[in-house]
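Encoded as structure tokens, the structure appears first; notes follow it.
Chains as they are written, first to last, in the numbering used here: chain A, 1 to 136; chain B, 1 to 196.
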């Protein structure tokens, strides 16, 4: 099966590989695994607490080219969005952008799961850190 | 497997449990199995049938071959469980062995990181890799104990449905076991590649 040019580009030249300190309160970490292929994906966001905007994102993925490309693209899509905008990212956007074949769609699902996991980790941190903002 | 009227050797059954005349239990006494194996090896040995009909000679060959396979498979608890699972209609393909057990994600990620660093020539991760390998091997020992406990649970169930339910749990445990074994194998592969 041939990878699309965009997958190859992200695979050979992955964006935003690396990690943030996961104890940093402005960092959200998502760690997910693929039941289909054994891939492991870690995706982190760094949020500006004042604006709620994701200022930076990093990932590290062990898996196939499509999984690496999906998470690399995901970090690009995340930057500059607010946390709530980021929650709206759908795996289909990744599928379309990378022209993933049907057998590789689960890689994009994994990336979406990683985004959601990172955001939920971040939200959990901010809620426990700032309970006073919990007013109805 | 001998005709009770004419005492001729009959076509052997391909079912391993039936062959040994054992109940379909997962917990087996290895000494008892070995005794049966030796006794039946003598009983079905082709040398015993040199003066018998061609058909009996053929059956003795078949029986000896099934006996060897059956003993090899039933002797080991894991391959025994896999045999029973397969016969009970569970698929135990390689693909499922790659499932990432969610509770292991963190460790699997750390292991991959360390292997990556080793590949890029960082020897400082060696003690960490050793420790991780040790932890995974510990997990395998724990899994083997879990498997034995599930074997006894399986054998104690009264109905086939209840047994199926326990088998399904055993399959999940075996998948985890295979996954962790692959991880340990991966570490060993990297370490030997380095030493070569």
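Glycine included, C-beta positions come from ideal geometry on N, C-alpha and C. Source: prediction; values computed, not measured.
*For residue 163 of chain B, which of B:8, B:34, B:89 and B:14 has the nearest alpha-carbon?*
Your numbering for residue 163 of chain B matches position 163 in the second chain. When each option's Cα is compared against that of residue 163 of chain B, the closest is B:89.
*asked:* Only counting the same chain, and skipping five residues up and downstream in sequence, which positions put a Cβ closer than 8 Å to that of residue 98 of chain A?
replied: Counting from 1 along the first chain, the entry for residue 98 of chain A is found at position 98. Closer than 8 Å at the Cβ level, and outside the excluded window around residue 98 of chain A, lie 4, 6, 7, 10, 66, 69, 70, 73 and 108.
*Could you check what DSSP says for residue 192 of chain B in three-state terms: helix, strand or coil?*
Sequence index remark: in the second chain, residue 192 of chain B carries index 192 (1-based). Three-state DSSP puts residue 192 of chain B in a helix.
*Roughly how many angstroms lie between the CA atoms of residue 133 of chain A and residue 90 of chain A, to the nearest whole one?*
Translated into positions along the first chain, residue 133 of chain A becomes position 133. Translated into positions along the first chain, residue 90 of chain A becomes position 90. Unreliable positioning characterises residue 133 of chain A in this predicted model, as indicated by a pLDDT of 49, which lies under 50. The coordinate reading is nonetheless provided below. Straight-line Cα distance between these residues: approximately 29 Å.
*asked:* Quick check: the Cα distance between residue 76 of chain B and residue 25 of chain B, rounded to an integer number of angstroms?
replied: As a first step, residue 76 of chain B is located in the second chain; it is residue number 76 there, counting from the start. As a first step, residue 25 of chain B is located in the second chain; it is residue number 25 there, counting from the start. For residue 76 of chain B and residue 25 of chain B, the distance between alpha carbons rounds to 13 Å.
*Straight-line gap, residue 96 of chain A to residue 48 of chain A (C-alpha atoms, nearest Å)*: Taking the first residue of the first chain as 1, we reach residue 96 of chain A at position 96. Taking the first residue of the first chain as 1, we reach residue 48 of chain A at position 48. Each residue's Cα considered, the two are about 29 Å apart.
*Using CA coordinates, which residue listed in B:133, B:155, B:56 and B:108 is at the minimum distance from residue 44 of chain B?*
In the second chain, residue 44 of chain B corresponds to position 44, counting from 1. Out of B:133, B:155, B:56 and B:108, B:56 has the C-alpha closest to the C-alpha of residue 44 of chain B.
_Measuring CB atoms only, is the segment 58-74 of chain B touching the segment 12-22 of chain B, in the sense that at least three cross pairs come out at less than 8 Å?_
yes
*In three-state terms, what does DSSP make of residue 132 of chain B?*
The sequence position of residue 132 of chain B within the second chain is 132, counting from 1. The answer is helix: DSSP assigns residue 132 of chain B an H, G or I state.
*Contacts that residue 109 of chain B makes with chain A (C-beta to C-beta distance below 7 Å)*: Residue 109 of chain B sits at position 109 when you count from the first residue of the second chain. Those are 31, 40 and 42, listed as they occur along chain A.
*Compare the beta carbon distance of residue 23 of chain A and residue 42 of chain A with 8 Å and say whether it is the shorter of the two.*
Within the first chain, residue 23 of chain A is the residue found at index 23, counting from 1. Within the first chain, residue 42 of chain A is the residue found at index 42, counting from 1. No, these two residues do not count as a Cβ contact at 8 Å.
*Output, in chain order, the set of chain A residues within a Cβ distance shorter than 8 Å of residue 105 of chain B.*
Along the second chain, one-based indexing puts residue 105 of chain B at 105. Within chain A, the residues near residue 105 of chain B are 31, 32, 33 and 40.
*Anyone know if the C-beta pair for residue 187 of chain B and residue 133 of chain B falls short of 8 Å?*
Along the second chain, one-based indexing puts residue 187 of chain B at 187. Along the second chain, one-based indexing puts residue 133 of chain B at 133. In contact: residue 187 of chain B and residue 133 of chain B (Cβ atoms closer than 8 Å).
*To the nearest angstrom, report how far apart residue 83 of chain B and residue 73 of chain B are at their CA atoms.*
Locating residue 83 of chain B in the second chain gives position 83, where the first residue counts as 1. Locating residue 73 of chain B in the second chain gives position 73, where the first residue counts as 1. C-alpha separation (whole angstroms): 7 Å.
*What are the start and end residues of each continuous alpha helix (DSSP H) run of 4 or more residues lying completely inside the segment 18-101 of chain A, in chain order?*
65-78, 83-87 and 91-98
*Check whether the Cβ atoms of residue 46 of chain A and residue 19 of chain A sit closer than 8 Å, and answer yes or no.*
The residue labelled residue 46 of chain A in the question sits at position 46 within the first chain. The residue labelled residue 19 of chain A in the question sits at position 19 within the first chain. Result no, Cβ atoms of residue 46 of chain A and residue 19 of chain A do not sit closer than 8 Å.
*Taking only beta-carbon positions, decide if residue 20 of chain A is within less than 8 Å of chain B.*
For the purposes of this step, residue 20 of chain A is taken as the residue at position 20 of the first chain. It does not; no Cβ of chain B falls within 8 Å.
_Do residue 100 of chain B and residue 33 of chain A have their beta-carbon atoms positioned less than 8 Å apart in this structure?_
The residue you call residue 33 of chain A lines up with position 33 of the first chain. The residue you call residue 100 of chain B lines up with position 100 of the second chain. Yes, Cβ-Cβ distance for residue 33 of chain A and residue 100 of chain B is below 8 Å.
*Starting from the C-beta of residue 80 of chain B, find all residues in its chain whose C-beta is less than 6 Å away, skip the five residues before and the five after it, and write them out in chain order.*
In the second chain, counting from the first residue as 1, residue 80 of chain B sits at position 80. Cβ within range, chain order: 74.
*asked:* Can you confirm whether the segment 180-195 of chain B touches the segment 127-144 of chain B when touching is taken to mean that 3 or more C-beta pairs between the two stretches lie within less than 8 Å?
replied: yes
*Counting only runs of 4+ residues fully inside the segment 39-85 of chain B, write out the alpha helix (DSSP H) ranges in chain order.*
Within the segment 39-85 of chain B, the alpha helix (DSSP H) runs of at least 4 residues that lie entirely inside it are, in chain order, 54-75.
*Give me whichever residues DSSP pairs with residue 115 of chain B in a beta bridge.*
Along the second chain, one-based indexing puts residue 115 of chain B at 115. Answer is none; residue 115 of chain B lacks a bridge partner.
_Range covered by the alpha helix (DSSP H) that runs through residue 10 of chain A_ = Within the first chain, residue 10 of chain A is the residue found at index 10, counting from 1. Taken as a continuous stretch (DSSP letters only), the alpha helix (DSSP H) holding residue 10 of chain A covers 5-12.
*Sequence-distant residues of the same chain with beta carbon closer than 6 Å to residue 170 of chain B, five excluded per side*: Your numbering for residue 170 of chain B matches position 170 in the second chain. Closer than 6 Å at the Cβ level, and outside the excluded window around residue 170 of chain B, lie 81 and 150.
*Nearest to residue 122 of chain B by alpha carbon, out of B:179, B:194 and B:19?*
What you label residue 122 of chain B is simply residue 122 of the second chain in a count that begins at 1. Out of B:179, B:194 and B:19, B:194 has the C-alpha closest to the C-alpha of residue 122 of chain B.
*Taking 8 Å as the cut-off, decide whether the C-beta atoms of residue 116 of chain A and residue 28 of chain A are in contact.*
Residue 116 of chain A sits at position 116 when you count from the first residue of the first chain. Residue 28 of chain A sits at position 28 when you count from the first residue of the first chain. No.
*Can you tell me which of A:78, A:94, A:121 and A:110 puts its alpha carbon nearest to the alpha carbon of residue 58 of chain A?*
Against the first chain, residue 58 of chain A aligns to sequence position 58. Nearest C-alpha to residue 58 of chain A: A:78.
_Contacting residues, own chain, Cβ-Cβ under 7 Å from residue 157 of chain B (five flanking each side not counted)_ = The residue given as residue 157 of chain B occupies position 157 in the second chain. Within the same chain, residue 157 of chain B has close Cβ partners 163 and 166.
*asked:* Which residue marks the beginning of the alpha helix (DSSP H) containing residue 123 of chain B, and which one marks its end?
replied: Mapped onto the second chain, residue 123 of chain B falls at position 123. Neither: residue 123 of chain B is in no alpha helix (DSSP H) and is coded neither H nor E.
*asked:* Quick check on residue 90 of chain B: does DSSP put it in helix, strand or coil?
replied: Against the second chain, residue 90 of chain B aligns to sequence position 90. DSSP places residue 90 of chain B in coil when its eight states are reduced to three.
*asked:* Does the CB of residue 14 of chain B have a neighbour CB from chain A at under 8 Å?
replied: What you label residue 14 of chain B is simply residue 14 of the second chain in a count that begins at 1. Residue 14 of chain B does not count as touching chain A.
*Is residue 26 of chain B helix, strand or coil by DSSP?*
The sequence position of residue 26 of chain B within the second chain is 26, counting from 1. Coil.
*Going by CA-CA distance only, name the one from A:52, A:101, A:17 and A:103 that's closest to residue 81 of chain A.*
In the first chain, counting from the first residue as 1, residue 81 of chain A sits at position 81. Taking only the C-alpha atoms, the option nearest residue 81 of chain A is A:52.
_Please list, in chain order, the chain B residues whose beta carbon lies closer than 7 Å to that of residue 62 of chain A._
One-based indexing of the first chain puts residue 62 of chain A at position 62. Neighbours of residue 62 of chain A on chain B, chain order: 112.
*Going straight from the alpha carbon of residue 137 of chain B to that of residue 23 of chain B, what length do you get?*
Taking the first residue of the second chain as 1, we reach residue 137 of chain B at position 137. Taking the first residue of the second chain as 1, we reach residue 23 of chain B at position 23. Spanning the two alpha carbons is a distance of roughly 32 Å.
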